[in-house]
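Numbering (this note's numbering), first residue to last: 5 to 272.
Below is the structure:
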């Protein structure tokens, strides 16, 4: 495997980034779920727009670019572990939190590249008010069409649709702890932990809170899971791109491995 670098040899341009992605193994016509860190890549000429342009250049008109577009703020503020606020603020937030809108609700917490994909011309977003995905390209509409409220990252979500068409996963400057597809495997474990959830949505009478039964998700062991998959499967292509590192792998194979690994690690 290639070693990691800490500094980039020069600025990453659109053409250089596209060439690096092709060398990694990304191909025209691929459907790819990307997780990324712009900062990790080093100095990119044009920032996140250049990254998206380069990805779409490689995928071509028959390919599809997909990103997670989570809305972590669209839940009760008592559960805002990512950025807690004082309890005395909770009533005001509950009364005034904007409802989820696929066109305007941001996903900036996932990084500038994810937010750029969300706002890209022609982007299609799934309807889940907390755990949505967004896609650009030939299969975007079909992949985003089904996302049931109770199936946050499960069988009735875009993750299962991506698995069904043999999509690939690209970790661009991030590690396995960001690999959302592993949550699909997690949802297939016996005895999953249910979790009561709520979110703010638009209705015919205005913004309202709706409650549903979701599943508790845990990514704390995904780094170990990913390392085991990379070590034993031989399916992960790995390359330094700019100042960061990238991994490309088949989504169905990663989910199959993760299901078995998590069952052994967690269901003892």
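C-beta: ideal position from N, C-alpha, C; glycine also. For clarity, every value in this text was computed on a predicted model and none was experimentally measured.
Sequence-distant residues of its chain with Cβ nearer than 7 Å to residue 111 (five each side left out): Start at 1 with the first residue of the chain shown, and residue 111 comes out as number 107. So the qualifying residues of the chain are 73, 74, 75, 118, 119 and 122.
Under the three-state DSSP convention, the category residue 197 falls into: Stepping through the chain shown from its first residue, residue 197 is reached at position 193. Residue state, collapsed to three classes: coil.
Residue from 249, 23, 88 and 47 with nearest C-alpha to residue 60: In the chain shown, the residue the question calls residue 60 occupies position 56. The shortest Cα separation from residue 60 among 249, 23, 88 and 47 belongs to 23.
Continuous beta strand (DSSP E) assignments of at least 3 residues falling wholly in the region 164-220: 172-176, 198-207 and 210-219
Contact check, residue 106 vs residue 205, beta carbons under 8 Å: Working through the chain shown from its first residue, we reach residue 106 at position 102. Working through the chain shown from its first residue, we reach residue 205 at position 201. No, the Cβ-Cβ distance between residue 106 and residue 205 is not below 8 Å.
Any 3 or more C-beta pairs closer than 8 Å across the region 179-198 and the region 255-263: yes
Between the CA atoms of residue 226 and residue 271 - distance to the nearest angstrom: Here residue 271 refers to the residue found at position 267 of the chain shown. Here residue 226 refers to the residue found at position 222 of the chain shown. C-alpha separation (whole angstroms): 15 Å.
Under the three-state DSSP convention, the category residue 237 falls into: As a first step, residue 237 is located in the chain shown; it is residue number 233 there, counting from the start. DSSP places residue 237 in helix when its eight states are reduced to three.
Per-residue DSSP class, three states only, for residue 132: Along the chain shown, one-based indexing puts residue 132 at 128. Coil at residue 132, not helix or strand.
Anticipated Cβ contact below 8 Å, residue 203 with residue 137, distance rounded: Your numbering for residue 203 matches position 199 in the chain shown. Your numbering for residue 137 matches position 133 in the chain shown. 16 Å between Cβ atoms; not a contact.
Assigned exposure category for residue 49 - 16 Cβ within 10 Å defines buried: By one-based count along the chain shown, residue 49 stands at place 45. Looking at its Cβ environment, which holds fewer than 16 other Cβ atoms inside 10 Å, residue 49 is exposed.
Identity of the residue in 245, 219 and 53 nearest residue 198 by Cα: Looking up residue 198 in the chain shown gives position 194. Taking only the C-alpha atoms, the option nearest residue 198 is 219.
Residue 185 beta carbon less than 8 Å from that of residue 173: Residue mapping note: residue 173 aligns to position 169 of the chain shown, counting from 1. Residue mapping note: residue 185 aligns to position 181 of the chain shown, counting from 1. Against a cut-off of 8 Å, the Cβ pair of residue 185 and residue 173 comes out as a contact.
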